Structure formats: C-alpha cells, structure tokens
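Protein chains: 4
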Amino acid sequence: MPESRAGRPRSEPARLAVLAAARDLVLSEGYERVSLVQIAATAGVGRQTIYRWWRSKEALLADAVLTETLPLDAELPPHTGDLAADLRGWVQSSIDRIADSDAAALYRALLAASALDPAATARMNDAFAAPLRAAVHASFHATGRGRHADVAADVFIGAMLNALVTRDDAARRRIADVVDVVVRGTAG
Amino acid sequence: MPESRAGRPRSEPARLAVLAAARDLVLSEGYERVSLVQIAATAGVGRQTIYRWWRSKEALLADAVLTETLPLDAELPPHTGDLAADLRGWVQSSIDRIADSDAAALYRALLAASALDPAATARMNDAFAAPLRAAVHASFHATGRGRHADVAADVFIGAMLNALVTRDDAARRRIADVVDVVVRGTAG
Amino acid sequence: MPESRAGRPRSEPARLAVLAAARDLVLSEGYERVSLVQIAATAGVGRQTIYRWWRSKEALLADAVLTETLPLDAELPPHTGDLAADLRGWVQSSIDRIADSDAAALYRALLAASALDPAATARMNDAFAAPLRAAVHASFHATGRGRHADVAADVFIGAMLNALVTRDDAARRRIADVVDVVVRGTAG
Amino acid sequence: MPESRAGRPRSEPARLAVLAAARDLVLSEGYERVSLVQIAATAGVGRQTIYRWWRSKEALLADAVLTETLPLDAELPPHTGDLAADLRGWVQSSIDRIADSDAAALYRALLAASALDPAATARMNDAFAAPLRAAVHASFHATGRGRHADVAADVFIGAMLNALVTRDDAARRRIADVVDVVVRGTAG
DNA sequence: GGCTAAGCGAGACGGTACGTCGTGTCTTAGA
DNA sequence: TCTAAGACACGACGTACCGTCTCGCTTAGCC
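These protein sequences, in sequence, are chains A, B, C and D.
Under this note's numbering, the first residue of the first sequence carries the number 11, and numbering increases by one thereafter.
Under this note's numbering, the first residue of the second sequence carries the number 11, and numbering increases by one thereafter.
Under this note's numbering, the first residue of the third sequence carries the number 11, and numbering increases by one thereafter.
Under this note's numbering, the first residue of the fourth sequence carries the number 11, and numbering increases by one thereafter.
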C-alpha cells in the first residue's frame, strides 16, 4: 500500500468549494478585484487550506478559470454532407456558448492570463485550441481539404478570440460568414 | 482669456520619463508585477506627479503600453494589381513587427488589458483594429470585394491575436496562407 | 538647517493615539491578547504607520506600557524628623498608587516584560527603581544611615514587586511594617 | 469496578518528553517565542497528545516551567543558635541557586507568567512563597519573633524577586545584608 | 523684482491584500 | 483508546502597494 499517507487527508469538498467560490467571485467582482479573503470566506474555508492546494492566488485563479470554463467540443459536428453548413453551425454555436453565457468574463480572464503567462497559454491550448483544431482536422481531411486544416483552425480560433476580446456582437455574428469564406477559399 | 494658468507648468520631461519607465518595467518585470513606486523611482519622479497626469496606475499602464506599441499601418499597401500578394506582405509584416519585437510583451499586455477592461478594448480598437479595418476596406472595395471587407478584417485581426497570444511561430507563419484563403474565398 | 527632512513629517498625533489605544487595550483585553489590528483600528491609524514608529508589536507594547505607567516620585518625602513615618507614608502611597489603580495591569505587564527582556529591564529601572533608590539614598544619608541605603532600597522595591505580582492585599498592607523593620534594622 | 479504562493507556514517556522539550525550548528560544509545533516536534510527539495532557499551550508552559524549576527548600535551615547566620546562608543559597543556574530564564518566565496570569501566581505561590514563608515562620516563632514572620518573609521573597528580575548581581549579593537588617529590625 | 500659485521630489498617511505562522480541533491509519 | 501525522477553520503578523495628503523647494506668469 504505497499511497496511504499519514494524517488527515485533504478535503476534496473544500477544494471544490474554493474553485466554485473563485468562479463566482470572478464573475461578480471581476478577475482583478477578487481577493483570497473573499474566496476563503465564500467557500467557508480557511486561507491556509487554499495555500495547501495552490501555491498562490494567481495559481488558484488560473486553475479556477480553467476548471470552470467549458472546453470546446472536440467532437466532430454531425456530417450532413454540407461542410459549410456543418462548420457554420458548430463554430457559431461554440462562440455563442462562450460569449453569450455569463461565463464570458471567465473566458476573457483565461485569455488575459494566457496573454501574460506562457504556462496559462499551454493550458488554454489544451482546453480550447487543441480540441477545435482536432475537430477541424477531422472535417477537413474527410473532405479532401487536409492541407488547409491548420489554416482554417487558425482562422476559427482567431475569429473567436476577436469576438471575445472586443465584445463586438457584429463581429460575433459575422463568424458564420468567416466559415463560408474559409470553406470557399479552401475548396479544390 | 488664455487657458494658461498661474503657477509652475507641468513637466513634460517628467511625463515622458514616466511613460518610458512604465514600458521598461512592464518588459522587465511583467505587466502584473509593476508597481507605481518602482515606476516613480525609475523615472526619478514623485508619485504625486504621476497621479497629476493619470488617474490611476491602470490608466498609466494602458497609456504607456499603447503609446509604446506602434499602431498598425493604416496606410494602404502599395497596389501591385495582385491583391493577394499585397495583403500577404502587409499582414505578414504587421504580425512580424508585433511578434518579433521585444515589445511583444507590451502587445500581449495590451491584449490582456482589453480582455479584462472594456475601456482598454476601445483604445486598442482605435490603435489596431480600426486602422487595419480601414485599410482592408479600401483594398477590398477597390477590388470589388467590398461586402467581404469586414469579414476579412475579422479574420486578419483574429489570426494576429491568435499568433500573439499563443506565441506559436507556426501559426504566425501560416498567416500568409490565411490571406490567400481569404482572398480566394472572397473572390467573385 | 540640518534637521529639516524631505517629505511629509510623521504624525505625532497618530503616534500618541497608538500609545493610548495600546494602553486601553492592554487594560481591557489583557497584555497577551492585544492585537495590532485592534490597536490600529482603535487608534484610527493604518497598520503601517505603527510599524513606521515601532519595529514590532513587542516594541510598541513595551513603549506603551512604559509611557503610560507613571514613574515613582523621585522627590524626597517631606522631612518631619521622623524617618520611619516619612518613609512609611511615601512607600505605602507609592505601592497604593501602583496597585490600586486600574493601571495595575500595566505595571504587571511592565514587570513581565522586564523579566523576559533585559532591554525592558533597563527601562523599568529608569522609571521605577532608580527614582526610588535615589530618594532612599537621600533620606538615608540625611539620617546617618547612608551605608544601608542600597539595602533598604532593595527591600522596598522587592516588597512592592511582591505585592504587585502576587496581588496579595495583605502583603501590600504589610509594607508599612516592612518600612518600620528596615528603619529599626538600620539604626545606629 | 476498577477505574482503569479500556483502550491504550496514555504514554507517560511522551508526557515527560513534552515537559523536557518545553523547558529546553523556553531556554533556547525564549518563553514568548516557543510554539507548540516546535515542542511537539522536539519531543517527537503528536500535537494532539499534548492537548490530551494539558488544556492549552499556556497550561503546558506553566506546568513545564514549574516542574523544571526547583521549589525553594521548605526545610528549616539547621539551627546553629545564630538566627542571622542561619537565615543568611539559607536565603543567600536559595537566590544563588535560582539566579546562578542556567534555569534563571525559567524562573523569570515563571515570574512573568505570574504577573500576567493569576492562576500562575497561585502555582508560583505553592512552589515558592509558601514554603519559604513556612520556613521563616518556624524560625521566627522559635526565636520569639513570630509576629514579624510575615513581614520578614515578604522582604526575603521581594529581595529575591528584585534580584531575579533586574539581573543585578550587586543586589543579589546584598541579600545577605537584607537578612541582617531584618534580623536586627525584628529583634525584641 | 517681488508675489502668487501651481508643480516638483519626498515620504507619511489610512486602507486593503498577500502569504506565513500559530492555536486548538478533527480525522486518518496503525499500535 | 491512544499514538504520530497532518489537514482543518480561524485569526494575527509583518510587508507591499494604492491613492491621498503634506512637507520644503522650484519655477513660471503677473503685478
């Protein structure tokens, strides 16, 4: 029995309460204005317990934001034979899910953290870019556009980032058109 | 009745020293870790002097980052008759100028600030998105693609954001291909 | 002009408010249970201001207790010709002033600090033992008992310490008898 | 029905290790700076074990200090017929034993605890004042000075406290003279 | 040329958050 | 039921920073 450790085990409920409290406070107070004291109080947890799980407030927030933001679907959109329509629906619904929700602030926080911290970038890639890229690869290879898959994924990811960071609803609605342009531009 | 007031005039050299110090410290310490005390000391300036020019640390950093990051060229790329080649060169050189430079950290800081603060978003739009969008509009209208101008601008901006935030050199190099796809996809 | 320093001068009112708050809280909460947060809040002062004046909570409490406890009278008791009566009245009133007052807790705190910290001992000596010793010296030399002055002072100080630390009212009342015994024992 | 309870019996070695560790740490770190964590670690004991024997850190320290400081001899000094000489030797050797030893810090800690906490005062009284007072009573009654016994005990205790708290070697050496003065002052 | 007023560097002010440490309780596995 | 180990809630400590205020001094425009 190698893994049984002495002493009282760490409280997973406490950890989850902290993550939930962090998410709620990022949403209600804003990423930059959350304090550990607030988080601990909201979670009903001692401050030291937070530092037992995370090295710093920064690490906690990175974890909380990543845990509480849903990763994009890596599943292929259902094939109807019409690539443009399939992608359009899938990309549009992805960005809508991100930008419509109350959690848009969490995604923006995730983006900001990534811009400032390479480590956060890697984690955002795992949850965000990589699944999307995989799905696009599958679709594009299935339709003979394999060599354009990475470029297309760049474009979709970029368009989402743009809509997210600018909060520009018009840009968000134009994402369907972006898909059409890319599908046309990668034909043949 | 001139608006010159009595008393000693504000020191422009002090203001510039503050901006330079802010930029240097963002680069050397990181956006989140700069402190006003550091900035004031580095600039050889009293703290109150900074607050005489900017309302808050946040405002100073936004201003410093924006002042010290070069806005994209709003000038139309020189027309050679080959839209794809013109755009490709212009977009690629823009992103290279941003991402190659030591100041990439400043651009990332600007992006992070925009993600967290709508006010910063507006300023970033003025300096970046708007000029780029204007240039694309001009090019696209001149080549009969006017109705696709906004979508194309979305894509170029997005691709740049993606390359910037992910620090992915491969994605950066693919931006030339992005331009080609968009030009093809908006033909006719 | 050697002493004029740059910057805002330190606030003497703030310092005094801190000392008063420290004294009040030692009296109401007990020496061991006072917290700097309480003191700062009671004094209406930022915590950093306290650390600007004192190096630590310990240093503040030592200073506060010493400042707020009245030193013994170093003045000679009025000579009536009856040394025993003069000393008796003076010693008894000294111990009564210490032990009767609400500030007894402050004197006990001072004693405890002295027991634990030689630096505090020196300060207590200045405020407490030295004046008493000086007064006893004067009286004893004036009455031909000079060579017993130090011993007598030891006894009076010790008796006071005993009454103070034991909180024993009977011992306190016996201090008058202590004086008589010493006067008798040092005669001739 | 014996009062032995079911389950594992408490570990007396653990208790003694805790007391020894507490004493050592008071000596090496200082009374105010000892922590339970240190004590437990030094004693090789779990923290809960300490709380099974003592109600609080304070109670442990009081107990440790008292256990590790030798109480004064309550035994009468051997009668030689010369009260002054007998007392002088006994009192002087008592204070020397206290103040010379490495454990002087423990006695001072005990004194400090007594000044701050009435409960500690009671314990100190049991170990120190009461035995000394009993011995003095016996001696004084045996020599017809019974009515001065309490006063004399006050003086001896006080002189010891004074020497202990002030760390003043001269005062310590004068204790022999104190005895002489008291013996003279209580004659007849 | 002196007066007035605002800016200047410096640094203390009240507050708030951070990350660490200590206390006393609780919860594991094991003796 | 005790043991060592260690997590738990709580709260104090000392530091860092923010944005404001207050010194003595400097630097302009206006009388």
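Backbone N, C-alpha and C fix where the C-beta goes; we use that ideal spot for every residue, glycine too.
None of the values given here were measured: they were computed from a predicted structure.
If you run the structure through DSSP and keep just helix, strand and coil, what is B/E192? Along the second sequence, one-based indexing puts residue 192 of chain B at 182. Just to set this straight, residue 192 of chain B is Val in the shown sequence, not Glu. Looking at B/V192 - three-state DSSP - the assignment turns out to be helix.
Compare the C-beta of D/S21 with all C-beta atoms of chain C and state if any pair is closer than 7 Å. The residue given as residue 21 of chain D occupies position 11 in the fourth sequence. No, D/S21 does not count as interfacial toward chain C.
Do you know how far the Cα of D/Y41 is from the Cα of D/A169? Sequence index remark: in the fourth sequence, residue 169 of chain D carries index 159 (1-based). Sequence index remark: in the fourth sequence, residue 41 of chain D carries index 31 (1-based). If I take the Cα positions, the gap works out to 23 Å.
Taking Cβ positions, are B/R143 and B/A173 nearer each other than 7 Å? In the second sequence, the residue the question calls residue 143 of chain B occupies position 133. In the second sequence, the residue the question calls residue 173 of chain B occupies position 163. Against a cut-off of 7 Å, the Cβ pair of B/A173 and B/R143 comes out as no contact.
How do the stretch 13 to 30 of chain C and the stretch 181 to 188 of chain B stand: do at least 3 beta-carbon pairs fall below 8 Å, yes or no? no
Near C/E39, what residues of its chain come up, given a Cβ to Cβ distance below 8 Å and the 5 sequence neighbours on each side ignored? Taking the first residue of the third sequence as 1, we reach residue 39 of chain C at position 29. For C/E39, where only same-chain residues beyond five positions count, the Cβ hits under 8 Å are Q48.
Near-chain A residues of the stretch 100 to 125 of chain B - C-beta to any C-beta below 9 Å: A115, Y117, R118, A119, L120, L121, A122, A123, S124 and A125
Nearest candidate by alpha-carbon position, reference C/T52, set C/R155, C/Q58 and C/V28: Within the third sequence, residue 52 of chain C is the residue found at index 42, counting from 1. Per the Cα distances, C/V28.
Just reading off the alpha helix (DSSP H) that A/E85 is part of, what are its end residues? Here residue 85 of chain A refers to the residue found at position 75 when the first sequence is read from its first residue. Counting along the chain, A/E85 falls outside any alpha helix (DSSP H), and DSSP gives it neither H nor E.
Can you list, in chain order, the residues of its chain with a C-beta nearer than 6 Å to that of A/G195? Leave out the 5 residues immediately preceding and following it. Translated into the one-based positions of the first sequence, residue 195 of chain A becomes position 185. Within the same chain, A/G195 has no close Cβ partners at all.
Check B/G56 in the structure and name its three-state DSSP category. One-based indexing of the second sequence puts residue 56 of chain B at position 46. B/G56 falls in the coil class under three-state DSSP.
Would you report the Cα separation of B/V165 and B/F138, rounded to the nearest angstrom? In the second sequence, the residue the question calls residue 165 of chain B occupies position 155. In the second sequence, the residue the question calls residue 138 of chain B occupies position 128. Each residue's Cα considered, the two are about 14 Å apart.
Which class does A/S66 belong to by DSSP, given the choice of helix, strand or coil? Here residue 66 of chain A refers to the residue found at position 56 when the first sequence is read from its first residue. Residue state, collapsed to three classes: coil.
For the stretch 113 to 128 of chain A and the stretch 91 to 105 of chain A, state whether three or more C-beta atom pairs, one from each stretch, are separated by less than 8 Å. no
I'd like to know whether the C-beta atoms of C/P23 and C/P81 end up nearer to each other than 7 Å. To locate residue 23 of chain C, count along the third sequence from 1; it is residue 13. To locate residue 81 of chain C, count along the third sequence from 1; it is residue 71. Cβ atoms of C/P23 and C/P81: not closer than 7 Å.
Is the beta carbon of D/V188 less than 7 Å from the beta carbon of C/V161? Taking the first residue of the fourth sequence as position 1, residue 188 of chain D is located at position 178. Taking the first residue of the third sequence as position 1, residue 161 of chain C is located at position 151. Their beta carbons are under 7 Å apart, which means D/V188 touches C/V161 by this criterion.
Quick check: the Cα distance between D/A186 and C/E78, rounded to an integer number of angstroms? Here the question's residue 186 of chain D lines up with position 176 in the fourth sequence. Here the question's residue 78 of chain C lines up with position 68 in the third sequence. Approximately 35 Å between the Cα atoms of the pair.
Can you have a look at A/S124 and say buried or exposed, based on whether 16 or more other CB atoms are within 10 angstroms of its CB? Position 114 of the first sequence, counted from the first residue, corresponds to residue 124 of chain A. So A/S124 ends up on the buried side.
Compare the C-alpha of D/L97 against each of D/N135, D/L46 and D/A152 and name the closest. Taking the first residue of the fourth sequence as position 1, residue 97 of chain D is located at position 87. The candidate whose alpha carbon is nearest that of D/L97 is D/A152.
Buried or exposed for B/P19, please, with buried defined as at least 16 other CB atoms from any protein chain shown within 10 angstroms of its CB. Taking the second sequence and counting its residues from 1, one reaches residue 19 of chain B at position 9. Under this definition B/P19 is an exposed residue.
For C/A94, which residues from the same chain have a beta carbon less than 7 Å from its beta carbon, with the 5 sequence-adjacent residues on both sides left out? For the purposes of this step, residue 94 of chain C is taken as residue 84 along the third sequence, with counting starting at 1. Excluding residues within five positions, the ones whose Cβ falls inside 7 Å are V189, D190 and V193.
Would you please verify whether the beta carbon of D/R79 is less than 7 Å from any beta carbon of chain C? As a first step, residue 79 of chain D is located in the fourth sequence; it is residue number 69 there, counting from the start. Looking at the sequence shown, residue 79 of chain D is not Arg but Thr. So no, D/T79 is outside the interface.
Whose C-alpha, out of A/R62, A/R43 and A/F150, is nearest the C-alpha of A/H89? Residue mapping note: residue 89 of chain A aligns to position 79 of the first sequence, counting from 1. Measuring from the Cα of A/H89, the nearest candidate turns out to be A/F150.
Apart from the five residues just before and just after A/L71, which ones in its own chain have a Cβ nearer than 8 Å to its Cβ? Numbered from its first residue, the first sequence carries residue 71 of chain A at position 61. Excluding residues within five positions, the ones whose Cβ falls inside 8 Å are A32, V36, Y41, V44, A119 and A123.
Which class does A/R33 belong to by DSSP, given the choice of helix, strand or coil? The sequence position of residue 33 of chain A within the first sequence is 23, counting from 1. Helix at A/R33.
6 Å Cβ shell around A/T131 - same chain, five flanking residues per side excluded: The residue labelled residue 131 of chain A in the question sits at position 121 within the first sequence. So the list reads S124, once near-sequence residues are dropped.
Looking at chain C, is there any beta carbon in it that lies within less than 7 Å of the beta carbon of D/L93? To locate residue 93 of chain D, count along the fourth sequence from 1; it is residue 83. Cβ-Cβ to chain C under 7 Å: no for D/L93.
Verify the CB distance criterion: does A/T153 have a CB-CB separation below 7 Å to chain B? Counting from one through the first sequence, the residue named residue 153 of chain A turns up at place 143. No, no contact with chain B.
Taking 7 Å as the cut-off, decide whether the C-beta atoms of C/V175 and C/L116 are in contact. Stepping through the third sequence from its first residue, residue 175 of chain C is reached at position 165. Stepping through the third sequence from its first residue, residue 116 of chain C is reached at position 106. Cβ atoms of C/V175 and C/L116: not closer than 7 Å.
Could you check the C-alpha separation between D/A69 and A/A30 for me, to the nearest Å? Your numbering for residue 69 of chain D matches position 59 in the fourth sequence. Your numbering for residue 30 of chain A matches position 20 in the first sequence. So the alpha carbons of these two residues sit roughly 41 Å apart.
Can you tell which of B/G198, B/R177, B/S21 and B/R25 has the C-alpha that lies nearest to the C-alpha of B/I108? Numbered from 1 along the second sequence, position 98 holds the residue referred to as residue 108 of chain B. When each option's Cα is compared against that of B/I108, the closest is B/R177.
Considering just the uninterrupted stretch of the alpha helix (DSSP H) at C/Y117, what are its terminal residues? Start at 1 with the first residue of the third sequence, and residue 117 of chain C comes out as number 107. Its alpha helix (DSSP H) spans residues A114 to L126.
Where A/G198 falls: helix, strand or coil (DSSP): On the first sequence, residue 198 of chain A is found 188 positions in, with the first residue counted as 1. Reduced to three states, the DSSP call for A/G198 is coil.
Expressed to the nearest angstrom, what Euclidean distance is found between the alpha-carbon atoms of B/D110 and B/G99? Numbered from its first residue, the second sequence carries residue 110 of chain B at position 100. Numbered from its first residue, the second sequence carries residue 99 of chain B at position 89. For B/D110 and B/G99, the distance between alpha carbons rounds to 15 Å.
Where does A/R184 sit, in a helix, a strand or coil, going by DSSP? Stepping through the first sequence from its first residue, residue 184 of chain A is reached at position 174. The answer is coil: DSSP assigns A/R184 none of H, G, I, E or B.
Suppose you measure from the CA of A/R62 to the CA of D/T59; what does that come to, to the nearest Å? Along the first sequence, one-based indexing puts residue 62 of chain A at 52. Along the fourth sequence, one-based indexing puts residue 59 of chain D at 49. Each residue's alpha carbon lies about 24 Å from the other.
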